[in-house]
Amino acid sequence: MKQNRTRRKKQTQSSDLRTVLLFYVLPFIVINSIIFYLFTAKPKVEITVSDTEDYISTTATVTIHTLLPTKELSITKDGQAIETEQADSHTYTVPITSNGVLEVFVKNFNGMAASAFSHINILDDAAPTVRKYDLNDDIITIALEDTQSGVDFESVYAVDSDGAQSFPISQDNSAGEVKFEMDSKGLTLHASDFTGNELQVTFTSHMEGSEEVLDSIEGSEGTEGSEE
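Shown next, in the form of structure tokens:
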């Protein structure tokens with residue numbers, strides 16, 4: 040009898056412990072975990088920039104990773120608000136037509152915030168550049184390059200000091216080289232890339248003894264040149 044009473048007492052104590060754990064301790068842990076999450080959950084921002092097919096435009100996709108409602112969302116480019124299209128409750132598409140910095144700021148209803156940046160530089164907004172140039176027997180050889188959309192050699196021409204327009208006397212598209220008859224008083228080269236960015240640079244020369252020598256070139260921003 041004494042052993043039975045002891046066994047029942049232990050069973051009752053065990054049952055009471057399970058009751059406390061199941062109906063008090065576990066709910067307390069769960070509820071406090073939920074409260075902790077609601078107060079501390081921070082959103083995450085993902086920015087994906089698509090490749091460009093024409094070097095003129097592209098699309099960025101902004102994804103907000105959060106289970107909580109969003110209180111504030113800001114999508115800007117170079118500090119200015121930009122047009123967006125909402126694909127779903129957490130995804131936005133952003134048309135991009137120029138290089139720059141895309142910034143996203145988001146804040147949850149609990150006050151927790153996050154931000155992300157993406158530097159976009161895949162679009163062609165720079166004119167071709169002069170890689171090198173050389174003068175020989177009154178013929179100037181100019182090497183052009185454009186690392187994005189490429190040089191449109193059909194657009195290349197020059198204007199001399201009298202305003203007369205001329206086209207290359209020869210050109211090598213694979214080497215990026217064009218040749219013109221030199222005008223020592225000034226020969227202005229015009230060249231565009233396939234997105235329409237135009238280079239305009241002027242070459243002049245002077246005599247040093249019996250040798251004609253090229254001066255430093257003067258041209259549009261982004262032009263690079265060096266004498267050989």
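Count the sequence shown with my numbering and you get residues 40 to 267, in order. Where is the CB? At the ideal position from N, CA and C, for every residue including glycine. Just so it is clear, the structure is predicted and the values come from calculations on it, not from any experiment.
1. Given this structure, state the Cα-to-Cα distance separating Pro167 from Leu107, to the nearest angstrom.
2. Taking just the CA atoms, how far does Val252 sit from Asp163?
3. What does the Cβ neighbour count give for Glu92, buried or exposed, with the cut at 16 atoms within 10 Å?
4. DSSP on Ile178, reduced to helix/strand/coil?
5. Whose C-alpha, out of Val169, Met221, Glu142, is nearest the C-alpha of Asp185?
6. For Ile70, name the three-state secondary structure that DSSP assigns.
7. Kindly indicate which three-state DSSP category Ser79 falls into: helix, strand or coil?
8. Can you grab the Cα-Cα spacing for the pair Pro134 / Ile86, in whole Å?
9. Which residue from Phe156, Val88, Val240 puts its Cα closest to that of Gly118?
10. What first and last residue would you give for the beta strand (DSSP E) that runs through Thr130?
11. Going by C-alpha distance, which of Ile103, Gly225, Asp173 is nearest Val143?
12. I need the boundaries of the beta strand (DSSP E) containing Asn236, first residue and last residue.
13. Quick check: the Cα distance between Glu111 and Asn212, rounded to an integer number of angstroms?
In brief:
1. 49 angstroms
2. 34 angstroms
3. exposed
4. strand
5. Val169
6. helix
7. The residue you asked about is not Ser; residue 79 is Thr in the sequence shown. Thr79: helix per DSSP, three-state reduction.
8. 13 angstroms
9. Phe156
10. 130-135
11. Ile103
12. Where Asn236 is concerned, there is no enclosing beta strand (DSSP E), given that its DSSP letter is neither H nor E.
13. 52 angstroms
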